[in-house]
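Step one of this worksheet: look at the structure below.
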Amino acid sequence: MASVAPAAGIPSLYTADPPIWDLLETPTSHVQDNTVDECRPFLSADIPDVQYNAHGVAHLDKPKHAAFLRKHLEKLPGAYMTADASRPWIFYWCLNGLRLLDQDVSPFREKLVDTARSMQNESGGFGGGFGQRSHLATTYALVLALALVGGDEAREVIDRRAMWKWLSSLKQADGAFQMSLDGEVDVRGAYCATVIVTLLNLPMDVWHESPAAKAGLPDLFTGLADYVRRCQTYEGGISGKPDAEAHGAYAFCALGCLAILESPSQSFTKHLDVPRLMSWLSSRQYAPEGGFSGRTNKLVDGCYSHWVGACWPLIEASLQSIPVETGPPESATSLDLYDREGLIRYILCCGQDQSRRGGMRDKPSRPSDAYHTCYVLSGLSSAQHVSVSTLMATKTSSRQAPAADIISQDFGGDSGAIGWEVFPHCPEDQVFDEQDRVSPIDPVYTIPIRERADFISYFRAKSGF
Ligand SMILES: [Zn+2]
């Protein structure tokens, strides 16, 4: 491997040879070595014209990354034609990234409302574009995008009754969700459906004419936790469906789903082998790179700063729920189960495109894009903050979905209620400057906490459709 002189203020862990080195030479070990070589100059503060702080960490160029995201909300060049079915995702990635950078996205409301109307199907849900069939992934992304721009006009675009019928028709006899009618069934469906049902405060009952109702399932969440349980693999990670390979993005979907169904302190231990999951998640963080990979024997990639990084606040929450009969806590202590410093160094030093182009990226040799910009910034947010779940004693007898407000999330069952508080993480040895902190993000709904709270409050105030 190429050697790079370490700069002052940078621990050798992030510049030296890997502490664990695969001595069996294979194509995989070679690309791993090449990736370490690629990252080390960036981690060693050795890139000309980049502004570093006293810890050898690059500053976050917020204006440049915001401009990059804004460009993706304008007319896109022809090369984006292949992404036509992913337009709701582009809206979500850009709007969420801009909000994490503290930008006002309400000026996009009118355009988004017009576009969203054209993407909604009368039979419920949103397609990737006009005339495209509804899909849970694009519906999830568009609902979050509407929450991000805020305002009643954006909220009222959604036909909740049709959405509820459509979600009912996607529900499978084993409790899982199809991504689209006659489409694939996987753990993304479990997460996207629980997010949509709770954000929109949809009824829990299954529409009586749906196949799930005919199979005897009483409500939309029946069997979901058990489906997620069956997705945990021998490695401890979580796969997209039972008996497949563990993957970081599916792990996040699984934990997000369980965290909505019930308090993480109850649902994780009930349905998962948590120590084994923590072992697998820990194995995703590499040295010297500091960032995460998505699977065993894969390379570090910026987007897993969110998919794997966002699993950690949920795991922490499962280990330290706080009863709040006396009110929400005023501060929080992180369990620091992963190396936050390493992740922050990877994101700020390797994850930014420092050229005029801007945006965030997978790794230095990869071009920036809207997807990575959103998820790298989301990962930065969870590394810079501490999330605490607060367990409350209140229960509801309503048949509406469990839902959250800024401090509490009520459950229809016997599980009490859970809320989320997000605090800045400010260790004595903080390696990033305050100007480089991004906005706090809801650890489950993956949008800033204020937007999530406003959106949920609006629909909780509605009775029926
Ligand atoms: Zn990626």
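Heads up, the sequence shown is in UniProt numbering, so the first residue is 1 and it goes up one at a time. Every residue, glycine too, gets a C-beta built ideally from N, C-alpha and C.
Buried versus exposed, by CB contacts within 10 Å (16 or more), residue i
i           : result
F465        : exposed
Q120        : buried
E451        : buried
G78         : exposed
M204        : buried
residue 467 : Here the chain has residues from 1 to 465 only, and residue 467 is not among them.
A116        : buried
L343        : buried
R356        : exposed
Y445        : buried
R198        : Sequence inspection shows Thr at residue 198; the Arg mentioned does not correspond to that position. By the 10 Å Cβ count, T198 comes out buried.
V31         : exposed
L23         : exposed
E184        : exposed
C231        : buried
G131        : exposed
A453        : buried
K462        : exposed
E209        : exposed
E421        : buried
M179        : buried
H219        : The residue you asked about is not His; residue 219 is Asp in the sequence shown. Classification of D219: buried, given that the 10 Å Cβ count is 16 or more.
E38         : buried
T296        : exposed
Candidates the options: closest to residue i by CA position
i    : options                : result
E122 : V36, L43, L144, M163   : M163
I20  : V422, Y286, C303       : Y286
H135 : V157, L181, A173       : L181
F177 : E209, L142, Y227, G131 : Y227
D442 : G236, R133, P242, L144 : L144
S263 : A67, D454, E316, R109  : E316
W89  : D104, L73, D102        : L73
F91  : P440, V438, R155, T138 : T138
L380 : L60, P27, S12, V50     : L60
S12  : K62, M360, A45, E209   : A45
V50  : W420, Q354, D33        : Q354
Q103 : F68, E434, R161        : F68
V157 : C192, K165, W166, E110 : E110
E153 : L277, R161, S118, D114 : D114
Bridge partners - residue i, DSSP secondary structure assignment
i           : result
S389        : W420
K171        : F177
I238        : Q232
F221        : The partner list for F221 (beta bridge, DSSP) is empty, contrary to what the question assumes.
D205        : D219
P448        : I441
M278        : In DSSP, M278 forms no bridge with anything.
Q352        : M360
V185        : Q178
residue 550 : Because the chain is modelled from 1 through 465, residue 550 falls outside the range shown and cannot be assessed.
Y52         : A58
A246        : S239
F292        : Q285
Proximity below 8 Å, CB of residue i to CB of residue j
i    : j    : result
P288 : Y52  : no
F423 : H385 : yes
K298 : T35  : no
L261 : F221 : yes
L100 : S387 : no
G358 : H65  : yes
Y250 : V187 : yes
H247 : G236 : no
A383 : R340 : yes
C311 : L281 : yes
F459 : L200 : yes
F42  : C349 : yes
T373 : G150 : no
A244 : L314 : no
V308 : G294 : yes
R87  : G125 : no
G9   : H55  : yes
S279 : S318 : no
R437 : V57  : no
Y375 : H425 : no
L146 : R155 : yes
G216 : D174 : no
A332 : C257 : no
M360 : G419 : no
Inter-residue CB distance, residue i and residue j (contact presumed, cutoff 8 Å)
i           : j    : result
S267        : A225 : 6 Å
K171        : V195 : Incorrect: roughly 15 Å between the Cβ atoms, too far for contact.
Q320        : L335 : 7 Å
residue 495 : P448 : Not covered by the structure: residue 495. The range shown for the chain is 1 to 465.
Y304        : R276 : Not a contact, Cβ separation roughly 19 Å.
| said: Which residues end up in the neighbourhood of ligand 2 when you take C-beta atoms closer than 7 Å to any of its heavy atoms? | reply: This structure does not include ligand 2; its bound ligands are ligand 1.
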